[in-house]
Amino acid sequence: MYINELYDKLPLLSAETYTYIGRDGNCHTESEPVLTEHMLDVYLNDRLTMKLVCIPQYLTELVLGRLLTEGILEDASDVEQIYICEHGRRARVVLSEKEPEKGISRDCEADREPFTELMPSCCTGNHILNDYFLTGKPVKPVTPISWKAEQVFDLADRFHAGMPLHGQTWATHSCFLAKDGQLLFQCEDIGRHNALDKAIGYALRHGIPLSRCMVYSSGRIPTDMAMKAIRAGIPILASKASPTAEAIALAKEYGLTLVCAARRDRMKLFAGTKSEV
1 MYINELYDKL
11 PLLSAETYTY
21 IGRDGNCHTE
31 SEPVLTEHML
41 DVYLNDRLTM
51 KLVCIPQYLT
61 ELVLGRLLTE
71 GILEDASDVE
81 QIYICEHGRR
91 ARVVLSEKEP
101 EKGISRDCEA
111 DREPFTELMP
121 SCCTGNHILN
131 DYFLTGKPVK
141 PVTPISWKAE
151 QVFDLADRFH
161 AGMPLHGQTW
171 ATHSCFLAKD
181 GQLLFQCEDI
191 GRHNALDKAI
201 GYALRHGIPL
211 SRCMVYSSGR
221 IPTDMAMKAI
231 RAGIPILASK
241 ASPTAEAIAL
251 AKEYGLTLVC
261 AARRDRMKLF
271 AGTKSEV
C-alpha cells in the first residue's frame, strides 16, 4: 500500500471570544480555544463515496478504518494507494480489486441514481454517498482471546490522565489501541466513531493484527460502534460509557467481549470471556 500525504499540520483549534454570564450577575468577556470541524471527501477509484466531518489529524488512518468498518475493505491488501491533498480536504483511494460481481448487484434501483446516501447514527454529520464498493460478504464472528482486567484499568488510567485537545476544549472523544497489555496508539476526534476508525486504521497501516488487540473508547456503545469492532475482528471492546441492549445482544451473537463503564476502579462485563486473574 502506497501512501502519499501532502498535508502538513492543519489548525485544530480556533481562539473564540464569548461573554461569561454568572448567576450572581457577574458578566465579562473571555476567550478560549474551540475545536474546529474539518471536511474530508473520500473518493474510491475516482468515485465520491464518503463525506467525513472530523479533526485534521490521522486522516489516512481515519479513511482506512472507515473503509474497513463499513465493509468496503477486508484487509489492507485491498488498497493499492491512498493520496491526501495538501489541504487535507480530499482523499483518493485506489482499490486493488473491486469488481462489480464482488459487490452488490448492479441491477439495483439505487445504482441508477446519482448516488445513494446512507445515514449512520454518527453525531458528526458523516455521510456515505453510495454503496457501490460494499463487498456484501457476511460479517464473521470474532475469535475470543484471553485478557486481564488490569489491562482495561490501565487504559482507563491513561484516559483519566487526559488527552491534549479534550483538556483544552472538552469537545473530543478518544480511543486507545492496545495489544498484549501495551498501548500502541491513542487519538482524538469530534466523534467516537471517527476515533475508533482512526485506531483501527492505524493498525491496518502498520500491519498490527487486530485479532490480538483491545480498544478503549470514551463514548457510548450502540450497535454501530459494536459492529465496527466486530467487522475489524477486534475481540475486546471497552468503553468508559454505557452500551445499549442491542449492542450487548450483538456482542453476544458475534463473540465480542464488551466491557463498559470501565473506570479506574471498576468495570462491567456485559458479554464475552471473563478476564484472567
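The UniProt record's numbering numbers the first residue of the sequence shown as 1 and each following residue consecutively.
Beta carbons: idealized from backbone N, C-alpha and C, even for Gly.
Since the model is a prediction, treat every value here as computed from it, not as a measurement.
Tell me whether residue i sits in a helix, a strand or coil according to DSSP, three-state version.
i           : result
Pro141      : coil
Gln168      : helix
Thr17       : strand
Lys102      : Only weak support is given to the placement of Lys102: the predicted model assigns it a pLDDT of 47, under 50, and the value that follows is read from those uncertain coordinates. If DSSP states are grouped into helix, strand and coil, Lys102 belongs with the helices.
residue 283 : Residue 283 lies beyond the stretch modelled for the chain, which goes from 1 to 277, so this question has no answer here.
Ile84       : strand
Met267      : coil
Met39       : strand
Going by C-alpha to C-alpha distance, which of the options sits closest to residue i?
i      : options                          : result
Arg220 : Gly191, Arg47 and Ser211         : Gly191
Val53  : Tyr20, Cys187, Met39 and Arg66   : Met39
Pro209 : Leu184, Asp224 and Ala156        : Leu184
Lys9   : Arg66, Ala247, Leu73 and Glu86   : Glu86
Glu70  : Leu256, Asp224 and Lys252        : Asp224
Ala229 : Glu246, Arg205 and Ala199        : Ala199
Glu253 : Lys51, Pro144 and Asn26          : Pro144
Met267 : Leu256, Ala238, Leu250 and Thr29 : Ala238
Glu32  : Glu246, Trp170 and Pro222        : Trp170
Can the beta-carbon of residue i be found closer than 7 Å to that of residue j?
i      : j      : result
Gly201 : Leu62  : yes
Val79  : Met1   : yes
Ala91  : Ile84  : yes
Tyr7   : Gly65  : no
Gly272 : Leu256 : yes
Ile72  : Leu12  : no
For residue i and residue j, which I take to be in contact (beta-carbon distance under 8 Å), what is that distance rounded to the nearest angstrom?
i           : j      : result
Gln57       : Asn4   : No, Gln57 and Asn4 are not in contact; Cβ-Cβ is about 17 Å, not under 8 Å.
residue 312 : Gln168 : The chain is shown from 1 up to 277; residue 312 falls before or after that span and cannot be answered.
Ala178      : Ala262 : Not a contact, Cβ separation roughly 12 Å.
Tyr20       : Cys27  : 7 Å
Pro222      : Ala247 : 5 Å
Spatial neighbours of residue i within its chain, please: CB distance less than 6 Å, with the 5 preceding and 5 following residues excluded, ordered by chain position.
i      : result
Ser14  : Val34 and Thr36
Glu276 : Ser146 and Lys148
Glu269 : Here the sequence assigns Leu to residue 269, which means Glu is not the residue at that position. Hits under 6 Å: Val259.
Ser218 : His173, Ser174 and Lys240
His160 : Arg264
Gly181 : Gln151
Between which residues of its own chain and residue i is the CB-CB distance below 7 Å, once the five residues before and five after are set aside?
i      : result
Phe233 : The amino acid at residue 233 is misidentified as Phe; the sequence shows Gly. If we look at Gly233 and ignore the five residues flanking it on each side, its Cβ neighbours are Val142, Leu210 and Ser211.
Glu113 : At Glu113, the pLDDT of 39 sits below 50, so the modelled position is not reliable; the number obtained from the coordinates is stated separately. Same-chain partners within the cutoff: there are none.
His166 : Thr172, Ser174 and Glu188
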